[in-house]
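Numbering (full-length UniProt numbering), first residue to last: 1 to 165.
Note that CB positions come from ideal geometry on N, CA and C, so glycine has one too.
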């Protein structure tokens with residue numbers, strides 16, 4: 001897998017590219033959200049990096065959603081919930097929107113309110129946390145796989161990983 005990476009000092013690093021990215025980072029200083037962001041090690045700089053990575057994710061968004069729902073539909077109880085409240089084509093579009101919002105570099109009240117609405121809807125329809133957590137892990141794997149193929153230097157890849165420790 002490491003053969004995907006090249007050591008090429010002439011490429012501009014993702015960290016350098018991220019420094020000029022325009023993002024929205026409005027998190028109240030003494031809020032519970034700020035505490036969560038600190039626990040997750042999410043900073044303004046991370047949002048700038050995410051914004052640089054956005055085109056890689058958008059390019060593969062159909063693959064991400066297909067992989068996600070292929071995995072979800074392996075669970076008969078999840079299929080039943082989906083069929084009762086929605087449909088896979090509709091949810092694929094919703095997931096694409098969600099992923100795009102995750103990579104647009106905006107962290108503000110609207111972004112958080114949308115996540116809270118999604119969480120409340122999952123509770124209302126009886127989607128247990130264990131399934132949501134497992135599904136989110138699948139999204140993480142997909143993103144990592146894309147980044148492994150798109151990031152041009154091993155230095156950048158490991159630097160991104162180390163930032164989130």
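Which residues DSSP lists as bridging residue i, in chain order
{"i": "residue 25", "result": "107"}
Limits of the alpha helix (DSSP H) - the one that residue i falls within
{"i": "residue 92", "result": "88 to 102"}
{"i": "residue 133", "result": "129 to 150"}
{"i": "residue 70", "result": "61 to 72"}
{"i": "residue 36", "result": "32 to 40"}
{"i": "residue 43", "result": "Segment: none, residue 43 is in no alpha helix (DSSP H) and carries neither H nor E."}
{"i": "residue 82", "result": "76 to 85"}
{"i": "residue 15", "result": "14 to 18"}
Same chain, Cβ closer than 7 Å to residue i, five either side skipped, listed in chain order
{"i": "residue 17", "result": "52"}
{"i": "residue 37", "result": "27"}
{"i": "residue 21", "result": "48, 51, 52 and 105"}
{"i": "residue 4", "result": "Any reading at residue 4 must be qualified, since the residue scores a pLDDT of 42, below 50, and its modelled position is unreliable; no value is offered."}
{"i": "residue 108", "result": "24 and 26"}
Contact set for residue i: own chain, Cβ-Cβ below 6 Å, skip 5 residues either direction
{"i": "residue 150", "result": "56"}
{"i": "residue 58", "result": "none"}
{"i": "residue 33", "result": "27"}
{"i": "residue 146", "result": "56 and 60"}
For residue j and residue i, the rounded distance between their alpha carbons
{"i": "residue 27", "j": "residue 112", "result": "10 Å"}
{"i": "residue 144", "j": "residue 106", "result": "21 Å"}
{"i": "residue 9", "j": "residue 19", "result": "Confidence at residue 9 is low in this model, with a pLDDT of 37, below 50, so the placement of that residue should be treated as unreliable; the coordinate-derived value is given next. Cα to Cα, the separation comes out at about 18 Å."}
{"i": "residue 87", "j": "residue 142", "result": "22 Å"}
{"i": "residue 110", "j": "residue 76", "result": "34 Å"}
{"i": "residue 94", "j": "residue 73", "result": "16 Å"}
{"i": "residue 129", "j": "residue 118", "result": "12 Å"}
{"i": "residue 15", "j": "residue 79", "result": "41 Å"}
{"i": "residue 46", "j": "residue 133", "result": "22 Å"}
{"i": "residue 84", "j": "residue 63", "result": "25 Å"}
Spatial neighbours of residue i in its chain, beta-carbon cut-off 8 Å, leaving aside the 5 residues before and after
{"i": "residue 61", "result": "96, 99 and 100"}
{"i": "residue 81", "result": "125, 126 and 127"}
{"i": "residue 91", "result": "69 and 82"}
{"i": "residue 103", "result": "50, 51, 53, 54, 57 and 58"}
{"i": "residue 1", "result": "Note on residue 1: pLDDT 35, under 50, position unreliable in the model; the coordinate value appears next. Hits under 8 Å: 148."}
Closer than 7 Å: residue i CB and nearest the ligand ADP heavy atom
{"i": "residue 55", "result": "This structure lacks the ligand ADP; in fact it carries no ligand of any kind."}
Quick check: the region 67 to 76 against the region 134 to 142, are at least 3 beta-carbon pairs closer than 8 Å?
In this structure the region 134 to 142 lies against the region 67 to 76, because at least three pairs of beta carbons, one per stretch, are closer than 8 Å.
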